[in-house]
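*Asks:* Read in order, the letters of the sequence shown correspond to residues 1 to 69 in UniProt numbering.
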Amino acid sequence: MSVLEAMSFAKPVVGGDIGGIPEQVRDGQEGRLFEPGNVSALATILDDLAQNPELARELGLRAPPAAGK
């Protein structure tokens, strides 16, 4: 549910590449995915988004229109 909530508010999704998350989020399109347990990859993604707010904004705006419903 939180993936769709983030998308409905035009926020980029950062999630583990596991379960249903990759079915809703394409890495580099609507958000970023990392391998579960890879803390270094997660930190890199979060740092990248913090340092590049325009990228974070663009990822959030790419959410499918259905996410807001």
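Cβ coordinates follow ideal geometry from the N, Cα and C atoms, glycine included. Bear in mind the structure is a predicted one, so any value in this text is a computation, not a measurement.
Between which two residues does the alpha helix (DSSP H) holding R26 run?
*Replies:* For the purposes of this step, residue 26 is taken as residue 26 along the sequence shown, with counting starting at 1. Looking at the DSSP string, R26 is not in any alpha helix (DSSP H), and its letter there is neither H nor E.
*Asks:* Please state whether the Cβ-Cβ distance between N12 and A56 is less than 8 Å.
*Replies:* Mapped onto the sequence shown, residue 12 falls at position 12. Mapped onto the sequence shown, residue 56 falls at position 56. Asn is not the amino acid found at residue 12; the sequence shown has Pro there. For P12 and A56, yes; Cβs fall inside 8 Å.
*Asks:* What number of angstroms, rounded off, separates the C-alpha of N52 from the C-alpha of G28?
*Replies:* The count along the sequence shown starts at 1 and reaches residue 52 at position 52. The count along the sequence shown starts at 1 and reaches residue 28 at position 28. Their Cα atoms are separated by approximately 13 Å.
*Asks:* Please return the same chain residues whose Cβ sits closer than 6 Å to the Cβ of residue 73, not counting the five positions on each side in sequence.
*Replies:* Here the chain covers residues 1 to 69 and nothing more, so residue 73 does not appear.
*Asks:* Between R32 and L59, what straight-line distance do the alpha-carbon atoms span, to the nearest angstrom?
*Replies:* Start at 1 with the first residue of the sequence shown, and residue 32 comes out as number 32. Start at 1 with the first residue of the sequence shown, and residue 59 comes out as number 59. Looking at the two C-alpha atoms, the distance is approximately 9 Å.
*Asks:* Give, in chain order, every unbroken run of the alpha helix (DSSP H) that is at least 4 residues long and sits entirely within the UniProt domain "Glycosyl transferase family 1" (1-61).
*Replies:* If we require 4 residues or more, the alpha helix (DSSP H) runs fully inside the UniProt domain "Glycosyl transferase family 1" (1-61) come out as 2-8, 21-24, 39-51 and 53-61.
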